[in-house]
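In this text, residue positions in the sequence shown follow this note's numbering: the first is -15, and each later residue adds one.
Quick reminder that beta carbons are idealized off the backbone N, C-alpha and C, glycines included.
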Amino acid sequence: EMSAGQRGPERFLYALLVSLMLIAECAGATQSTEKVSPPPGTKLCALTFDDGPDAEKTARVLDKLDYYGIHATFFWIGQKVAEANRSVMARLTAGGHEVGNHSWDHQAMNKLSEDEIRTSVEKTSEAILRYTGKLPRFFRAPNLATSALMYETVPYPFMGGSVIAKDWEPRWGGLPGAEERAARVLDGIQDGAIILMHDTQPDPHPTPEALDIIIPGLIGKGYHFVTLSELFKHRNVFPQAGVEIQWAIVK
């Protein structure tokens, strides 16, 4: 078994590789399906979705995004990145959306050991790479619960959300209907906002219907939708791993 001292250089090289890829992609690389860049001064927002992929429920969200011509960022749970969801994962990546790391099993990680944190993140990244051909660019902590050790160990910038739709089960404090979820987003929007939603939750889950309110509503307010990488690129901001920041808005 490798000692802690032996693992140090290995962890450093892995984090360096991820950081270099992130800087290159945020600085210059774009998806081939990306729309024309918005003019300077345009208000921007990034739709993000947690807890997928799921063959049926992620597809419902993609249907809405395709209809409106919107690209988004999806944070995947590693154990769901599997053959059962191959088709929807291929559709998502081919459609110009991007993928982030949301841990292996959605277990709260703020009490985990360094090895447990690393294993969860690396297994998820390896699964994402296997099915998409790309490493993820960002990490979102399960339940947004973080620790100093997580920031030290995870080789990605941490993403939160300045607008949280609360689109989970009402018994856990979520909002029940599409109208309520949409109103929370429309009322809380700011330029540069990261909007946190979920493509996968137990039924009934009216987030796809909420998008029929949110997307036209924000377009009407003058907003342009971008992926997280595009948001950072347009704002000339380069988020770094190892920094105790959970990004919620990019100004």
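Task: Same chain, Cβ closer than 8 angstroms to residue 38, five either side skipped, listed in chain order - done: 64, 69, 72, 183, 184
Task: Where the beta strand (DSSP E) containing residue 177 begins and where it ends - done: 177 to 182
Open item on the list: Does the structure place the region 77 to 87 close enough to the region 207 to 222 that three or more beta carbon pairs sit under 8 angstroms?
Closed with: yes
- [ ] State the DSSP-derived secondary structure class of residue 40, mapped to helix, strand or coil.
- [x] coil
Open item on the list: When you compare the CB positions of residue 254 and residue 225, do they come within less than 7 angstroms of one another, or not?
Closed with: Nothing about residue 254 can be read from this structure; the chain reaches only from -15 to 235.
Open item on the list: According to DSSP, residue 84 sits in a beta bridge with which residue or residues?
Closed with: 59
TODO: Can you grab the Cα-Cα spacing for the pair residue 228 / residue 122, in whole Å?
DONE: 14 angstroms
Open item on the list: residue 134 and residue 93 - do their beta-carbons sit closer together than 7 angstroms?
Closed with: yes
TODO: Count the other CB atoms, across all protein chains shown, that sit within 10 Å of the CB of residue 163; report buried if there are 16 or more and exposed otherwise.
DONE: exposed
Task: Nearest-angstrom Cβ-Cβ length linking residue 61 and residue 87, presumed shorter than 8 angstroms - done: 6 angstroms
Open item on the list: Three or more C-beta pairs under 8 angstroms: does that hold for the region 108 to 117 against the region 183 to 202?
Closed with: no
Task: Environment of residue 13 [buried if 16+ CB atoms lie within 10 Å] - done: Any reading at residue 13 must be qualified, since the residue scores a pLDDT of 43, below 50, and its modelled position is unreliable; no value is offered.
Task: residue 156 - DSSP class collapsed to helix/strand/coil - done: helix
Task: For residue 143, the three-state DSSP class (helix, strand or coil) - done: strand
Task: Length of the line joining the Cα atoms of residue 18 and residue 172 - done: Caution is warranted here: a pLDDT of 48 is assigned to residue 18, below 50, making its placement in the model unreliable, and no coordinate value can be reported.
Open item on the list: I'd like to know whether the C-beta atoms of residue 32 and residue 208 end up nearer to each other than 7 angstroms.
Closed with: no
Task: For residue 30, the residue or residues it bridges with in DSSP - done: 178
Task: C-alpha gap between residue 199 and residue 53, whole angstroms - done: 10 angstroms
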